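Working notes for the structure below.
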Amino acid sequence: MESNHIRVKEIFLKAIELPEEDRIPFIQKECGGDQDLQTEVSTLIENHNERSLFEAPIQKKIDPKKHKKEPSEFEITLKKIQKRKNKKFRYNLILIAIIISLISVGIWTQQKMKDSIIELNEHSLDHNIKATIKSLEEWIRDKENLITTVSKDSTVIAATEYLTSKYGMGKFGNKDSIWNDPVHRRLIEKLKPIILVVESPSFSIVDASGYRIASNIYEVVGMQMSPNGMKEILPSIQLDGPKFTRPYMHRINMVEPVKDDSEVPVTWVDCSIKVNENAIATIGFSFYASNGFNDVLSSHKIGINGHTYAFDEKGILLSEIQDVDELIKYEILKKGEDPVLKLKLINPMNALKDSKTIDRNIYNKSELILPVKEALADKEADSEFIIHTVTEPYYTFNGDEVIGAYVWLPKYNIGLVTELPTKETLKPVHYLNLILIILIGLLIGFVVFSFISSYQVARLNKEIGETSRLGQYTLIKHIGEGGMGEVYLAKHAFLSRPNAVKLLKSEFSHKRDVVKRFEREVQLASQLKNPHTIQIHDFGYTEGDRFYYAMEFLEGITLADLIRIEGSLSLSRTVVLLKQICYSLQETHDHGLVHRDIKPMNIMICKLGGIYDFVKVLDFGLVKDIEGEDLEMTQEAFIQGTPVYMAPERFLRPQLSSPKSDIYSIGMVAYYLVTGRKVFDHIDRNSLLNEILNTTPKNVGELTNENLPKDFSDLVMSCLAKDMEDRPENISAILNVLNKLDVSAWTQTEAKNWWENHIEKK
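Per our numbering, the very first residue in the sequence shown carries number 2; after that it's consecutive.
See the structure below:
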């Protein structure tokens, strides 16, 4: 290519020295029939300019008649100044037009935004009160189901029949005869665990004449209900189902005052006790209004300062409220006084008038706040269940201007109100009023933001630089995060193998107890050599004193992920996985350790060394040494672990460390694998705890289409026994049963096919 260029140059330089008429024949001769070469040289000749670069340009002749005088320097300067003025004036006009446009757009946007906010607030209020009603109904239904179950218990029925026949209608000398009656004592012991689990302060059984013939509160045993109390009790005896009573002061339903904690507002749920389809009494549980009823309402508030509360047919507050400072200021409420069942929901702004204080006892319904007054009007008109929203601001009980929604619930004889201060709802509109100032400030804000962002990026880069290399490990990417640690994929500098590095979060690096727990996890887990236990390779500290340790990196899925894919597993595959879990825990227990957090999320299956469905037990952060316990780590009796997979004794005695707690968790995992469902699956803490402590799970064989061997079903159910002594003695006992099962083997060929179709293909 270079020689061809040189040849073109030689021919071109020679040709331009010749007269024009001799150039073409010369080029044809020199190119010797090479058409490409001839074309390239001819093109250069055609574009060649004969005039030298140093030659003066040809001057254009100027017609003197047409020639105009050039303007002076002064004239040019004046024109430039005038041009700049005109340009600046145009810019000012444009700026004014932009400002006017922005103001117009701002006003239009403000109005549209205000309309949208009103519509959005109306929707939010309506949605919130509906959600409150749903949550309240679910909470009440949960309590009603509980009392219905108790009322149908054979022991409770028998005890009630006995106590009614012996002490009913006031047939007793004094309350001690009832209190000390062995049947009464056994009844209390029977109901005591239930009361503790559901956090009920008391229960009572009342006969048809209004006498309390049973209770766990000594003061109320044998006492007769007041006329008002009888109005509440008699319908419960006559009804087939349970009955919920809104918050009230316990003492108002008693003929004589009692000295227990009855001054505290409570709700009541009761149900009739029947013998041969005839109601003989009613049993009821009380629940502190502050625990449950108030929790439901307080959890359904809108915004930061919104609130939701309940009231009765007199406009009296039935639930807790937070902001009482203004009520104390107007002397509507005394300092330290509980407003529940005492505060009348009146409008202080109308009621004050010329006074500085309010007498809360002299006002009737006309002084009630708007939503309460309207809800009571619905009640008096026997209107159906209708939710109303009020988007026009009004004054609520503490003097705040609010918008709200209300409803009367005839089923429970209470009203509900949810409110939101207008200063919060109209906040976006206030921002729009300052839109021009904000636009001007945007430039400054942008500069500041850019500076801060640059600073943060620089600091982040510094942090990444500090933590990108830990000892011999180079961090590649972030792959997970827990409450106190972050997990990274890393590579060893010399071995070039992938590792998982767990790094303590910086905010915990100076907390001795947290660091100690991380060190403990490494020390305990590093003692274990079983291939089915996660292997610890190394540990150390960063330059910033952040603790880290390196462990083997696993490419696989957890058992929880496996069940999400499959729904449930065959018995043959379940047995293969359970054996591997047992091998890991067998070594753990042999070392005097208990894992304490065995669950599907902490067990992985992976492809390791060409073996498919290879099990690895993870997360030894909650491991406890049962032979040489760290006293400092066990001083506090707090529950650690995942509740749904924890053994009952762990709730009753959090400090207890027994291998049989892990055996219980193995049963939970086995149950989960073959059925695809958890043994207990309640979101509500009380319901979950109650089932774990008291409910016997359905037999695993009844929940799967596969015909499970009786030995396997018995093994799983024995692992789930409430009493530790009824569980298998140790892991070896579990392995003995699994090894003897007559089931088809889950082969490596089947495992490989499954992995190729479900994991590797993706």
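Glycine residues also receive a C-beta, built at the ideal position from the N, C-alpha and C atoms. Quantities reported herein were computed from a predicted structural model and do not represent experimental measurements.
In the DSSP output, what is residue i paired with across the bridge?
i, result
"Asp546", "BP columns for Asp546 are empty, so no partner."
"Leu417", "Ala311 and Val408"
"Tyr331", "None, per the DSSP bridge assignment."
"Asp539", "Ala551"
"Thr559", "Met605"
"Val207", "Arg213 and Thr283"
"Pro266", "Met250"
"Pro499", "Lys492"
"Arg1", "Look at the range of the chain in this structure, 2 to 763, and you will see that residue 1 is not part of it."
"Pro422", "Val403"
"Ile274", "Ala282"
"Val369", "Rather than Val, the amino acid found at residue 369 in this sequence is Leu. DSSP, once it has assigned bridges, lists Ile347 as partnering Leu369."
"Glu317", "Residue 317 is actually Ile in this sequence, not Glu. DSSP, once it has assigned bridges, lists Lys345 as partnering Ile317."
"Thr534", "Val618"
"Glu381", "Answer is none; Glu381 lacks a bridge partner."
"Gln225", "Tyr212"
"Glu487", "Glu482 and Leu504"
"Lys244", "Asp271"
"Phe386", "The partner list for Phe386 (beta bridge, DSSP) is empty, contrary to what the question assumes."
"Val391", "Gly405"
Would you please state the rounded distance, in angstroms, between the beta carbons of residue i and residue j? I believe it to be under 8 Å.
i, j, result
"Ser203", "Ile218", "5 Å"
"Leu690", "Cys583", "Contact flag wrong, Cβ pair sits at about 28 Å."
"Asn687", "Val198", "6 Å"
"Lys506", "Asn500", "Actually they are not in contact, since the Cβ atoms of Lys506 and Asn500 sit about 19 Å apart, beyond 8 Å."
"Glu771", "Val341", "Residue 771 falls outside the range modelled here, since the chain spans only 2 to 763, and no answer is possible."
"Val502", "Leu471", "6 Å"
"Ser117", "Ser201", "Between Ser201 and Ser117 the Cβ distance is about 47 Å, and since that is not below 8 Å, they are no contact."
"Ile604", "Thr559", "6 Å"
"Ile281", "Thr161", "6 Å"
"Glu31", "Ile12", "5 Å"
Mind checking residue i: buried by the 16 CB within 10 Å criterion, or exposed?
i, result
"Ala290", "buried"
"Leu496", "exposed"
"Lys617", "buried"
"Trp109", "exposed"
"Lys478", "exposed"
"Gln581", "buried"
"Ile195", "buried"
"Glu18", "exposed"
"Val701", "buried"
"Pro243", "buried"
"Phe294", "buried"
"Glu420", "buried"
"Met552", "buried"
"Gly223", "buried"
"Glu761", "exposed"
"His185", "buried"
"Leu121", "exposed"
"Leu653", "exposed"
"Phe519", "buried"
"His759", "exposed"
"Ala215", "buried"
"Gly416", "buried"
"Trp747", "buried"
"Leu14", "exposed"
"Ile206", "buried"
"Ser666", "buried"
Touch test, the segment 121-129 against the segment 299-307, Cβ-Cβ under 8 Å, three pairs minimum: The segment 121-129 makes contact with the segment 299-307, as at least three CB pairs between them are under 8 Å.
Taking 8 Å as the cut-off, does the segment 481-490 touch the segment 538-546 (at least 3 CB pairs, one atom from each stretch)? no
Using 8 Å as the Cβ pair cut-off and three pairs as the minimum, do the segment 600-609 and the segment 664-677 touch? yes
List in chain order: all unbroken beta strand (DSSP E) runs of 3+ residues lying wholly within the segment 142-221. 203-208 and 213-216
Ranges of the beta strand (DSSP E) found wholly within the segment 638-706, counting only runs of at least 3: none
Three CB pairs or more closer than 8 Å across the segment 268-278 and the segment 150-162: yes
Assess, as a yes-or-no matter, whether the segment 323-330 is touched by the segment 396-410 under the definition of 3 or more beta carbon pairs within less than 8 Å. yes
Three or more C-beta pairs closer than 8 Å, one from the segment 137-148 and one from the segment 156-163: is that the case here? With the cut-off at 8 Å, the segment 137-148 and the segment 156-163 do not touch.
Can you list the alpha helix (DSSP H) stretches of 4 or more residues lying completely in the segment 565-622, in chain order? 572-591
Pairing CB atoms from the segment 642-660 with CB atoms from the segment 696-716, are three or more of them under 8 Å? no
Would you mind listing the alpha helix (DSSP H) stretches within the segment 718-757 that are 4+ residues and don't spill past its ends, in chain order? 732-741 and 749-756
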